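K.L.:
Please read through the structure below; I'll follow up with questions.
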Amino acid sequence: MAVIRVGLVGLGEVAQSIHLPVLSDQRDSWLVSGIYDVSPSLMALCTSEYPTAKAFETAEALIDSPDIDAVFILSSDETHSRFVQAAVQANKHVLLEKPACLTVREIDELLALTPNYAKTIFVGYMRRYAPAYLAAIEELPDFADITHVRIFDLISEGRHFLKKSQNVLYPTDIDPTLLARGAGEREALIREVVGSDAPADLVRAYRGLTALSSHHISAMRGLLGEPARVLAAHRTNGGANTSVTFDYGHFACCYDAVVDDLGLFDAMIEVRSNTKRVRIIYDTPYIRSLPTRLEVTEAGAAGPVTRTFGPLYGDAFSNELETFHRHITDGTKPLTDLADSRRDLALMAEIIEQMKKTVRR
């Protein structure tokens, strides 16, 4: 098996808790060869823990290095488009953490740059690689028989779980000028979608869509295909909570996202027909190898009969990186590529337009 030399741009929460440990576990497939972050303390920590990793002075230097085969873009959302462009110019494979970008415009610019790109660009929607999700694909009712779909994201942010289980470094040595510039660029991109005069809760709602909700919007499309339209969308709790109804013609898909500080994680996809229910249940991805579960309930002569798959301890992030490696070595096309991510961002923009119709009191 070919060993791919990896350079990581961005060493924050997800890099420390997920990507670097998985790359180390899959040592026969990957070599951590380079790192870059705007935090000197993060660079020092990661070079001490991963001795094969060279610290680069800039992201561009890492991307251009002949010692890097694949670039993992794990940096702030507003930098994604710029770093993907640089990686394409350098002819590198790319793993791009979701969201691929913050606007459809950025995605379209990248698609225009890569119509015949020979290397792999893979967007990291890990929930589509969870064992329960993959098993559910084979268990779904026929599309014509589906009567209703429910999707939940009732969760707390990753820090609630990480602070109890891992020693993640949250740096305090980033140049304030860089932080302010990044925040300004991110705000400008978000306001391309929500509008220059959008209220704060609509801005927060869009940030939630591109962050947490992007996983399940992508997973929904992977299971069901494209909805005809967004029927309704509502935001509450200052934009932290969203409710969306997607129109699939003969059935509706109802999605709820609730983010709070309770410290619980409750994520689920449920697909129903008149005689069958398929339910995918996720736990927090921040604790590696927590199981996913699949429940399939069907009508029987004596009443409902439930088959349970799991707990399935296969790690979604490990599956994701194995799939990325296979696409690199086989030259095959990933399901979660830039064109696929464009459809997610287009749906999010449609959700925002529906939210704008709600009169806030």
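Numbering (the UniProt record's numbering) for the sequence shown: 1 to 361. Glycine residues also receive a C-beta, built at the ideal position from the N, C-alpha and C atoms. The model shown is predicted, which means the values in this text are computed figures rather than measured ones.
1. With distance defined between alpha-carbon atoms, name the residue in P311, K92, A118 nearest to I63.
2. State buried or exposed for D197, treating a residue as buried only when at least 16 other CB atoms are found within 10 Å of its CB.
3. Specify the secondary structure class of residue 368 as computed by DSSP and reduced to three states.
4. Please name the residue or residues paired with L8 in a DSSP beta bridge.
5. Tell me, to the nearest whole angstrom, how far the beta carbon of A100 is from that of L338; I am working on the premise that it is less than 8 Å.
6. Apart from the five residues on each side of it in sequence, which residues of its chain come closer than 8 Å, Cβ to Cβ, to A252?
7. Would you tell me roughly how many angstroms separate the C-alpha atoms of I328 and H215, rounded to the nearest one?
8. Please state the DSSP three-state secondary structure of E320.
9. The beta strand (DSSP E) spanning H148 covers which residue range?
10. Please determine, among M268, A257, G208, the residue with the shortest C-alpha to C-alpha distance to D77.
11. Just curious, the alpha helix (DSSP H) that R229 is in, first and last residue?
12. For chain B, check one thing: does any of its Cβ atoms lie closer than 7 Å to the Cβ of A136?
13. Here's a check: name, in chain order, each residue in its chain whose Cβ is nearer than 6 Å to the Cβ of I269, leaving out the five neighbours to either side.
14. So, D201 versus R235, is the Cβ gap smaller than 7 Å?
15. Quick check: the Cα distance between L179 and P199, rounded to an integer number of angstroms?
16. Quick one: residues in its chain with C-beta nearer than 8 Å to the C-beta of residue 370, no 5 flanking neighbours on either side, listed in chain order?
17. Are T242 and A257 closer than 7 Å when you measure CB to CB?
18. Let me make sure I understand the geometry here. Which of S165, D266, V271 has the alpha-carbon closest to that of L140?
19. Alpha carbon to alpha carbon, how far is P66 from Q85?
20. Report the three-state DSSP secondary structure of C46 (helix, strand or coil).
21. Would you mind working out which of D25, L189, G225, T275 sits nearest R343, comparing C-alpha positions?
22. If you follow the beta strand (DSSP E) that D142 is in, where does it begin and where does it stop?
23. How big is the Cα-Cα spacing for L110 and T336?
24. Please specify which runs of the beta strand (DSSP E), each continuous and at least 3 residues long, are wholly inside the stretch 188 to 255, giving them in chain order.
25. Are the stretch 319 to 326 and the stretch 125 to 135 touching by the rule of at least three beta carbon pairs closer than 8 Å?
26. Whole angstroms is fine: what's the gap from A97's alpha carbon to T47's?
27. Have a look at S273, A302, G314 and flag the residue whose alpha-carbon is nearest the alpha-carbon of V296.
28. How big is the Cα-Cα spacing for D25 and A15?
P.N.:
Once the coordinates are examined:
1. For I63, the nearest C-alpha among the options comes from K92.
2. exposed
3. Shown here, the chain extends from 1 to 361; a query on residue 368 therefore has no answer.
4. I35, F72
5. That belief holds up - the Cβ atoms of A100 and L338 are roughly 6 Å apart, short of 8 Å.
6. H148, V149, L231, T245, F246
7. 23 Å
8. helix
9. 148 to 156
10. Among M268, A257, G208, the Cα nearest to that of D77 belongs to G208.
11. Careful: R229 lies outside any alpha helix (DSSP H), inside the beta strand (DSSP E) at 229 to 236.
12. Judged by its chain identifiers, the structure shown contains no chain B, having just a single protein chain.
13. I151, I280, listed in sequence order.
14. yes
15. 23 Å
16. What is shown of the chain runs 1 to 361, which leaves residue 370 out entirely.
17. Contact flag set, yes.
18. V271
19. 17 Å
20. DSSP places C46 in helix when its eight states are reduced to three.
21. G225
22. That residue, D142, is in no beta strand (DSSP E); it is neither H nor E in DSSP.
23. Cα to Cα, the separation comes out at about 15 Å.
24. 229 to 236, 241 to 247
25. Because the criterion of three Cβ pairs below 8 Å is met, the stretch 319 to 326 and the stretch 125 to 135 touch.
26. It should be pointed out that residue 97 corresponds to Glu in this sequence rather than to Ala. Within the model, the alpha-carbon separation for E97 versus T47 is close to 22 Å.
27. S273
28. 14 Å
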